[in-house]
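In our numbering, the protein residues as written are -6 to 350.
Yeah, the Cβ is synthetic: ideal placement off N, Cα and C, and Gly gets one too.
In this text the structure is predicted, and so the values were computed from the model without any measurement.
Please read the structure below before turning to the comments.
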């Protein structure tokens, strides 16, 4: 039996006149055992979507199925506790007056699991999240990362088929957040549980996910693998949101060349774009190469305006003869001085073109 999550035509409105669409006609299928991230800016509808899946709120239109089971529709909703899902919140929501063991075992007590079986399962899940030996500690005796693992263990111990995570790492410092990313990914692989993860952090989504659903203003903009979403964005919004990008006004010439000022690139044009059309040209900073002049065919002269050394790479602000400014990232070994002239070339295969709004 299929155990994927199928969202079809899902909408949820708020406001006095219910004219604000938090989620607008969303359709999405999340395969069993996948790690899928709902990604987008604040207010895009990602947390509302997660709460609809969890059953905390009911949709105005559309349906949510888990396998063959109808979970939600405007007319009916399976109660949250009967959905076979766990939820991990941004603020951990661990009880400060309970020990680690008491926090984790709580859900099993509610389900009246025999005490010996409950202890076995708690010990197993604490080992899974590397908290063995800390059963008697209280939350205020734990680090932020350990408290986050307590919240994970509490959700996992009831053996959910789906784990929902609402920005669970946002309260951690950068180093700990990066370490917890690796632990979450390894945990999902070990358990085989479907993870649905909410974040506004593009790097987090790229590092963790099998699939990324980019949302904006309640609508799905693109759903694909991290590589697809980053290298082949479906539209300008996705290109602009997914990391750094140079967005240039351009026009398609008669021979199909895309020209943005001094830059002229041969790019495979998306369906519906033809010679003469005004377009937006998207170029990632790492798709631009700089070299001492003179350089090969297709290179254009550029002037180094600003430089930044970022440790693992170098970043440059460059200007072309027509005044176009570009952000460029290169290997850290490259070293070009401010004011120097370089030859600039673009990997056209990594550039994207979108119809101008």
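Residue 204 holds the alpha-carbon nearest to the alpha-carbon of residue 219 among 212, 230, 204 and 211. DSSP assignment within the stretch 156 to 218 yields the following whole alpha helix (DSSP H) runs of 4 residues or more, N-terminal first: 167 to 184 and 195 to 201. By DSSP's assignment, residue 62 forms a beta bridge with 59. Take residue 191, set aside five residues on each side of it, and the residues of its chain with a beta-carbon closer than 6 angstroms to its own are 31, 39, 40, 43, 159 and 160, in chain order.
Counting only the Cα atoms, residue 206 lies some 4 angstroms from residue 216. Under the 10 Å beta carbon count, residue 307 is surrounded by 16 or more other beta carbons and is classified as buried.
A distance below 8 angstroms separates the beta carbons of residue 312 and residue 296.
Residue 335 places its beta carbon less than 8 angstroms from that of residue 285. Looking from the CA of residue 315, the closest CA among 187, 175 and 294 belongs to 294. The residues 232, 238, 240 and 345, in chain order, have a CB closer than 6 angstroms to that of residue 275 in the same chain once the five nearest residues on each side in sequence are set aside. Taking one beta carbon from each stretch, the stretch 118 to 138 and the stretch 170 to 182 have 3 or more pairs nearer than 8 angstroms; the two touch. Exclusion of the five residues before and after residue 26 leaves 185, 186 and 187 as the residues of its chain whose Cβ lies within less than 8 angstroms of its Cβ. Secondary structure of residue 126 (DSSP, three-state): coil. Sorting 151, 56, 22 and 131 by C-alpha distance to the C-alpha of residue 75 places 151 at the top. Straight across, the Cα-Cα distance linking residue 34 with residue 337 is about 33 angstroms. Secondary structure at residue 281: strand, using DSSP grouped into helix, strand and coil.
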